[in-house]
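Reviewing the structure listed below.
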Amino acid sequence: MAKTIEEKQYLVRYKADKKSHLTILNQEECAKCEGQVCTLFCPGEVYKWEGDRMFVGYEGCHECGSCRIGCPSDNIKWEYPLGGHGIVFRLA
Ligand code: SF4
Ligand code: SF4
Numbered sequence: 000m001a002k003t004i005e006e007k008q009y010l011v012r013y014k015a016d017k018k019s020h021l022t023i024l025n026q027e028e029c030a031k032c033e034g035q036v037c038t039l040f041c042p043g044e045v046y047k048w049e050g051d052r053m054f055v056g057y058e059g060c061h062e063c064g065s066c067r068i069g070c071p072s073d074n075i076k077w078e079y080p081l082g083g084h085g086i087v088f089r090l091a
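For the sequence shown, the residue numbers in numbering that gives the first Met the number 0 are 0 to 91.
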């Protein structure tokens with residue numbers, strides 16, 4: 000039987016680097032951004048809008064790359080985590 004996305008996500012593990020591989024370039028752009036859409040399309044729920052600021056929980060990034068094309072203001076600097084860090088997928 001096909002697994003739900005939640006069941007699949009339960010299988011992933013992370014080895015977080017100390018430094019974020021994701022950077023918001025301009026918080027003022029986020030304040031102007033209608034709906035803060037990165038909080039909707041990111042499967043890792045990495046982006047959280049709190050008060051007047053975007054917080055980035057890079058440790059949970061799935062490295063899907065969606066935020067490279069999904070941010071309407073091109074306001075996210077995206078890099079791969081350093082070698083040996085980031086998400087580890089397990090197939091089951
Ligand atoms: S989609 Fe881009 S501009 Fe909009 S809130 Fe997210 S990072 Fe900021
Ligand atoms: S690469 Fe994917 S999982 Fe990581 S922050 Fe961007 S949208 Fe979220």
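Cβ coordinates follow ideal geometry from the N, Cα and C atoms, glycine included.
Check: Spatial neighbours of D51 in its chain, beta-carbon cut-off 7 Å, leaving aside the 5 residues before and after; Outcome: A30
Check: Separation of V87 from T22, as counted between CA atoms; Outcome: 21 Å
Check: Spatial neighbours of G59 in its chain, beta-carbon cut-off 6 Å, leaving aside the 5 residues before and after; Outcome: G43, V45
Check: Terminal residues of the beta strand (DSSP E) in which F40 lies; Outcome: Note, F40: premise wrong, no beta strand (DSSP E); alpha helix (DSSP H) at 37–40.
Check: Status (buried if at least 16 other CB within 10 Å, exposed otherwise) for P112; Outcome: This structure gives no information on residue 112, because the portion of the chain shown stretches from 0 to 91.
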